[in-house]
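Here is the structure we will look at, set down as structure tokens.
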Ligand SMILES: Cc1cc2nc3c(=O)[nH]c(=O)nc-3n(C[C@H](O)[C@H](O)[C@H](O)COP(=O)(O)OP(=O)(O)OC[C@H]3O[C@@H](n4cnc5c(N)ncnc54)[C@H](O)[C@@H]3O)c2cc1C
């Protein structure tokens with residue numbers, strides 16, 4: 002049985018794992034990232050790259066490489082409620098150079114980060130390497146086992162293997178969180194002949210949907226109750242068109258129920274993110290709802306905080322081994338301390354948004370045509386909402402810097 006040795010072994014090559022790998026390798030720390038898939042290309046898992054991540058791309062000197070990859074910047078996000086279009090989020094007033102959210106396929110972003118990391122000799126990415134369990138010695142995690150039967154020994158194992166994390170289960174951790182009442186059905190259709198305005202939320206008495214522009218098609222989502230099932234494709238198409246009438250000319254592109262992918266929405270969090278020798282970050286520590294599309298950015302923010310706190314502990318100067326391990330454990334605890342509160346705050350907002358969206362209350366916000374009172378309320382509240390929403394969606398709470 003082969004054993005590879007490294008300083009940090011990261012399980013999972015998603016946004017959290019690849020970003021942390023890049024940041025550690027950049028600091029000269031030997032790091033192995035194990036990703037179970039053979040490539041980054043897979044089902045839609047969200048595309049949004051927010052200003053917080055764009056600032057980081059700038060700080061890493063990757064802007065030119067990023068701009069070379071096709072992406073769609075959006076300076077504002079709109080919602081159509083009962084046929085009334087509302088300009089709901091406006092990023093143009095944000096401080097800093099990145100006053101927009103951009104849509105880039107997640108695999109392109111991961112390729113870009115992995116290529117940047119590969120420039121450092123201490124970065125080792127192993128694709129097609131599925132982790133099956135952890136190795137423990139004297140109460141400390143000292144490595145992982147892979148499905149191929151080999152082992153990677155490390156001073157620290159970082160679980161970044163997503164919301165169904167094998168490693169956190171192996172660590173004996175269970176995420177906690179009250180159930181969410183809604184799920185999301187993802188599907189794609191060609192862009193309709195009459196172009197849609199930029200990314201939109203749509204809400205009316207028939208439901209809530211989202212349309213996200215991709216260069217060649219629209220990535221769409223329909224919110225449904227946990228107990229609602231797609232029985233026939235005709236029923237599904239009919240429901241979509243009632244929510245977004247402008248999809249009528251293209252909805253037949255959803256040919257069968259197999260073209261509709263259900264995302265079991267979860268919002269949960271580990272009570273404890275670390276154990277001696279191991280730390281969980283990203284969705285492995287806290288599954289985010291797709292509401293506001295902040296999952297990737299929260300995963301990246303965890304990676305930045307982890308890198309900043311772990312790097313000094315991984316380079317203990319002149320300390321004996323035990324003191325080094327202790328410093329590492331303290332750093333892991335500090336990562337949880339730093340990231341838990343901003344995560345809990347965002348999850349709290351997401352949870353409330355699910356109740357609001359799932360119970361149809363959003364459709365009661367505005368009549369068509371709006372009443373005088375609604376017009377007055379919109380005039381008063383929208384400018385504030387636009388700015389607050391841009392800040393919360395664009396940067397989240399407690400944005401991290403390198
Ligand atoms: C349908 C959908 C739509 C979404 N939309 C958005 C959006 O628009 N914007 C947004 O910001 N977020 C969105 N999200 C959430 C976002 O994808 C996640 O929050 C984010 O990807 C979390 O990053 P991560 O690195 O923690 O985990 P993941 O991205 O889940 O990455 C985990 C990685 O670990 C690998 N892995 C798993 N098990 C093992 C194992 N045993 N061994 C080795 N590797 C393993 C997986 O293959 C994967 O590559 C969406 C999620 C879904 C499912």
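In this note's numbering, the protein residues as written are 2 to 403.
The beta carbon of each residue, even a glycine, is placed where N, CA and C say it ideally should be.
Source: prediction; values computed, not measured.
Self-check item: Length of the line joining the Cα atoms of residue 354 and residue 292
Solution: Taking the chain shown and counting its residues from 1, one reaches residue 354 at position 353. Taking the chain shown and counting its residues from 1, one reaches residue 292 at position 291. If you take the alpha carbons of residue 354 and residue 292, they lie about 8 Å apart.
Practice problem: Label residue 2 either buried or exposed according to how many other C-beta atoms from any shown protein chain fall within 10 Å of its C-beta, with 16 as the threshold for buried. | Solution: As a first step, residue 2 is located in the chain shown; it is residue number 1 there, counting from the start. When all chains shown are included, residue 2 counts as exposed.
Exercise. Determine, using beta carbons only, whether residue 135 and residue 159 come nearer to each other than 8 Å.
Key: For the purposes of this step, residue 135 is taken as the residue at position 134 of the chain shown. For the purposes of this step, residue 159 is taken as the residue at position 158 of the chain shown. Their beta carbons are not under 8 Å apart, which means residue 135 does not touch residue 159 by this criterion.
Quiz item: Taking 7 Å as the cut-off, is the CB of residue 38 close to at least one heavy atom of ligand 1?
Solution: Walking along the chain shown from the start, residue 38 turns up at place 37. Under cutoff, so the answer is yes.
Self-check item: Residues near residue 100 in its chain [Cβ-Cβ closer than 8 Å; skip 5 each side]
Solution: As a first step, residue 100 must be located in the chain shown, where it is residue number 99. Answer for residue 100: 52, 76, 92, 93, 94, listed in chain order.
Quiz item: Got a sec, what are the start and stop residues for the alpha helix (DSSP H) residue 417 sits in?
Solution: This structure leaves residue 417 out entirely; the chain is present only between 2 and 403.
Quiz item: Is the beta carbon of residue 259 within less than 7 Å of some heavy atom of ligand 1?
Solution: As a working note, residue 259 is residue 258 in the chain shown. Result no, Cβ not under 7 Å from ligand 1.
Quiz prompt | residue 300 CB to nearest heavy atom of ligand 1 below 7 Å | solution = Walking along the chain shown from the start, residue 300 turns up at place 299. Correct: residue 300 has its Cβ closer than 7 Å to ligand 1.
Practice problem: Pick out whichever of 286, 207, 70 has its Cα sitting closest to the Cα of residue 414. | Solution: The structure shown does not extend to residue 414, since the chain spans only 2 to 403, so no value can be given for it.
Exercise. Indicate whether the contact test is met: 3 or more Cβ pairs, each with one atom in the segment 136-143 and one in the segment 236-245, closer than 8 Å.
Key: no
Quiz item: Do residue 250 and residue 194 have their C-beta atoms closer together than 8 Å?
Solution: Within the chain shown, the letter at position 249 stands for residue 250. Within the chain shown, the letter at position 193 stands for residue 194. Yes, they are a contact pair.
Self-check item: Cutoff 8 Å; reference residue 183; Cβ partners in own chain excluding five residues on either side
Solution: Along the chain shown, one-based indexing puts residue 183 at 182. Closer than 8 Å at Cβ, skipping near neighbours: 224, 225, 226, 227, 266, 355, 358, 359.
Quiz item: alpha helix (DSSP H) containing residue 195: first to last residue?
Solution: The residue given as residue 195 occupies position 194 in the chain shown. It is not in any alpha helix (DSSP H) - residue 195 carries neither H nor E in the DSSP assignment.
Quiz item: What are the partner residues of residue 213, as DSSP defines its beta bridges?
Solution: Along the chain shown, read from residue 1 onward, the residue named residue 213 stands at position 212. Residue 213 pairs with 220.
Practice problem: Please report the residue range of the alpha helix (DSSP H) in which residue 297 lies. | Solution: Mapped onto the chain shown, residue 297 falls at position 296. First-last of the alpha helix (DSSP H) with residue 297: 296-315.
Practice problem: Can you say whether residue 367 is buried or exposed, counting buried as having 16 or more other CB atoms within 10 angstroms of its CB? | Solution: Against the chain shown, residue 367 aligns to sequence position 366. That one is buried.
Practice problem: Quick one: grab the DSSP three-state call for residue 98. | Solution: Locating residue 98 in the chain shown gives position 97, counting from the first residue. Coil at residue 98, not helix or strand.
Quiz item: Starting from residue 74 and walking both ways along the beta strand (DSSP E), at which residues does that stretch end?
Solution: Residue mapping note: residue 74 aligns to position 73 of the chain shown, counting from 1. It spans 73-75 - the beta strand (DSSP E) in which residue 74 sits, taken as one unbroken run.
Quiz item: Applying the criterion that 16 or more other CB atoms from any shown protein chain within 10 Å of the CB defines a buried residue, is residue 6 buried or exposed?
Solution: As a first step, residue 6 must be located in the chain shown, where it is residue number 5. Per the 10 Å Cβ criterion, exposed.
Self-check item: Coil, strand or helix - residue 406 by DSSP
Solution: Lying outside 2 to 403, the shown extent of the chain, residue 406 is not represented and no answer is given.
Quiz item: Can you give, in chain order, each stretch of the beta strand (DSSP E) that sits fully within the segment 118-159 and has at least 3 residues?
Solution: 124-128, 132-138, 141-147
Quiz item: Would the beta-carbon of residue 312 be found less than 7 Å away from any heavy atom of ligand 1?
Solution: The residue given as residue 312 occupies position 311 in the chain shown. No, ligand 1 has no heavy atom inside 7 Å of this Cβ.
Self-check item: Cβ-based burial, residue 70 [other Cβ within 10 Å; buried from 16]
Solution: Position 69 of the chain shown, counted from the start, is the residue given in the question as residue 70. Residue 70 comes out exposed.
Exercise. Quick one: grab the DSSP three-state call for residue 202.
Key: As a position in the chain shown, residue 202 is number 201, starting the count at 1. Looking at residue 202 - three-state DSSP - the assignment turns out to be strand.
Exercise. Enumerate, from N- to C-terminal direction, the unbroken beta strand (DSSP E) stretches of 3 or more residues contained entirely within the segment 11-70.
Key: 32-36
Quiz item: CB of residue 338 to nearest heavy atom of ligand 1: below 7 Å?
Solution: Working through the chain shown from its first residue, we reach residue 338 at position 337. Residue 338 Cβ: outside cutoff for every heavy atom of ligand 1.
Practice problem: For residue 5, write down the residues that DSSP places opposite it in a beta bridge. | Solution: Stepping through the chain shown from its first residue, residue 5 is reached at position 4. DSSP output for residue 5 lists 153 as bridge partner(s).
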